[in-house]
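*Asks:* Below is the structure I would like to discuss, written out as structure tokens.
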Amino acid sequence: MASHGDNNERDGIWIVVPAYNEMEHLPRTLAALTSEYRNIVLIDDGSTDATRELAQSHDVWYLRHAVNRGQGAALQTGIDFALHHRARVIVTFDADGQHNVTDIDALVRPICDGRVDVCLGSRFLGSAPGITWTRWLILKMGVVLTRVLSRIRVTDTHNGLRAFSRHAAQNIGLTHDGMAHASEILDYVARAKLRFHEVPVTIRYTADTLRKGQADWNSVRIFGQLLVAKLIR
Amino acid sequence: MIAFQYAALLIILALLVADLWQLWHKPAMRCFRVCRVAAWSAAGLAIALPEAAQRAARGLGIHRGADLVLYSFVLFSLFTFFLLYSRQTRLQRHITELVRQYAIEHARRVGRRREHAFEDERLA
């Protein structure tokens, strides 16, 4: 049974869940989250399926983008909302069932203890059952590129499971609406010289998530977007 | 002068007159219109006096007038591309900001049970 102190701590933890056409996985994801945490923010990024209807039966804050803007945009919306509600720790969590709710505690603990500003989940420190070799290779290449471009040493550059202290979240200001936001976050952590830590997490891959998830060639496009963004303001 | 020069110069003259009229009567986008007038004028000169383009090219160390025109076109196109991309990016950010503001203003707490009844809570 959670102590009073634990409950107070959990009241300051906000989980931001961006979702786009996730009717298949959303009920299970939200059920798992709402059984452990009180402050869940679901950002419906202009879904055209039954995501909106399915969200109504879970105790969450529901926000909807009138048009689809991308995961980065949805995350920033959720972060802004959580900050407005005085969140002390903000966790980003994917709606597609790839993440484990049980990993959140290890992610927020270093931030709640005041040891770090940002905690990043890493499948390469944890496990990634079902990952294809092409996805593995591209993610590893992403690690190398991130070390060159952003000069930050991480083992997993595109993991949606992360936690931010309030101070870190207040200054992120994501400008990339699409998937390049993940690299933008790491760039910000490096530039702002934030204290960060990586935590082993589990990322579950299924045929469905691999099909719906980021196509491997998208990594090349993201790299191009980041390069152009560095040239053009 | 050949037939192409006459036809092209007529078209350029019409565009130049239209832009000069707009520049005089509509103060908005003045800088853009001035640039366009300059572009039409340069194009007209290059077509009417091809030897002038040749002399200008030689003065810059370029072998042919046609090459000067080509290089100018490429540089101008690149500049326009970066300008348009920058504006497009800024526009997308503005759209996202609008969508975000609307989403936050209309946030709802859903799925809560109070005395066995579902209840929505409007963001104050």
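Listed in order, the protein sequences are those of chains G and Y.
Each residue of the first sequence is one higher than the last, beginning at 1 in my numbering.
Each residue of the second sequence is one higher than the last, beginning at 234 in my numbering.
Glycine residues also receive a C-beta, built at the ideal position from the N, C-alpha and C atoms.
What you are looking at is a predicted structure, and each value in this text was computed from that prediction instead of being measured.
Measure the Cβ-Cβ separation of Leu149 of chain G and Ala168 of chain G and say whether it is below 8 Å.
*Replies:* no
*Asks:* Below 8 Å, how does it come out for the region 134–143 of chain G and the region 280–300 of chain Y: are there three or more Cβ pairs, yes or no?
*Replies:* Judged by pairs of C-beta atoms under 8 Å, the region 134–143 of chain G does not touch the region 280–300 of chain Y, as fewer than three such pairs exist.
*Asks:* Give the secondary structure of Glu198 of chain G by DSSP, where H, G and I count as helix, E and B as strand, and everything else as coil.
*Replies:* Note: Glu198 of chain G maps to strand in three-state DSSP.
*Asks:* Among G:Asp11, G:Asn8 and G:Glu53, whose alpha-carbon lies nearest the alpha-carbon of Leu30 of chain G?
*Replies:* G:Glu53
*Asks:* Just to confirm, are Pro18 of chain G and Gly78 of chain G a CB contact at a threshold of 8 Å?
*Replies:* Going by C-beta atoms, Pro18 of chain G is nearer than 8 Å to Gly78 of chain G.
*Asks:* According to DSSP, simplified to helix, strand and coil, what is Gly173 of chain G?
*Replies:* Looking at Gly173 of chain G - three-state DSSP - the assignment turns out to be coil, as it is neither helix nor strand.
*Asks:* Go to Arg162 of chain G, then tell me how far its beta strand (DSSP E) extends in each direction, as first and last residue.
*Replies:* Arg162 to Ser165
*Asks:* Quick one: Cα of Glu354 of chain Y to Cα of Val270 of chain Y, how far?
*Replies:* With a pLDDT of 48 at Glu354 of chain Y, under the threshold of 50, the modelled position of that residue is not reliable, and the figure given next carries that caveat. Distance between the alpha carbons of Glu354 of chain Y and Val270 of chain Y is about 59 Å.
*Asks:* Taking 6 Å as the limit between beta carbons, can you name the residues of its chain near Ala95 of chain G, skipping five residues before and five after?
*Replies:* Val17, Ala19, Glu22, Leu26 and Thr29
*Asks:* Compute the beta-carbon to beta-carbon distance between Ser122 of chain G and Val199 of chain G, rounded to the nearest angstrom, for a pair I have assumed lies under 8 Å.
*Replies:* Right, their Cβ atoms sit about 7 Å apart.
*Asks:* Which same chain residues end up closer than 8 Å to Arg233 of chain G when comparing Cβ atoms and leaving out the 5 residues on each side of it in sequence?
*Replies:* Bear in mind that the predicted position of Arg233 of chain G carries a pLDDT of just 47, short of 50, making it unreliable; the figure below should be weighed with that in mind. So no residue of the chain qualifies.
*Asks:* By Cβ distance, which residues of its chain are closer than 7 Å to Val144 of chain G, with the 5 residues on each side in sequence left out?
*Replies:* none
*Asks:* Which ranges does the alpha helix (DSSP H) cover as unbroken runs of at least 4 residues, wholly within the region 126–165 of chain G, from first to last along the chain?
*Replies:* 133–149
*Asks:* Is Leu248 of chain Y closer than 8 Å to Trp212 of chain Y when the C-beta atoms are compared?
*Replies:* Any answer about residue 212 of chain Y is impossible in this case: the structure gives chain Y only from 234 up to 357.
*Asks:* Looking at the structure shown, is Phe93 of chain G part of a helix, part of a strand, or coil, going by DSSP?
*Replies:* coil
*Asks:* At a CB-CB cut-off below 7 Å, which residues of chain G make contact with Tyr239 of chain Y?
*Replies:* Ordered by position in chain G, no residue passes the 7 Å Cβ test against Tyr239 of chain Y, which lies about 42 Å from the chain.
*Asks:* First and last residue of the alpha helix (DSSP H) that includes Pro260 of chain Y?
*Replies:* Element bounds for Pro260 of chain Y: n/a, residue is neither H nor E.
*Asks:* Look at the Cβ atom of Val60 of chain G, then the Cβ atom of Val343 of chain Y, and state whether they are nearer than 8 Å.
*Replies:* yes
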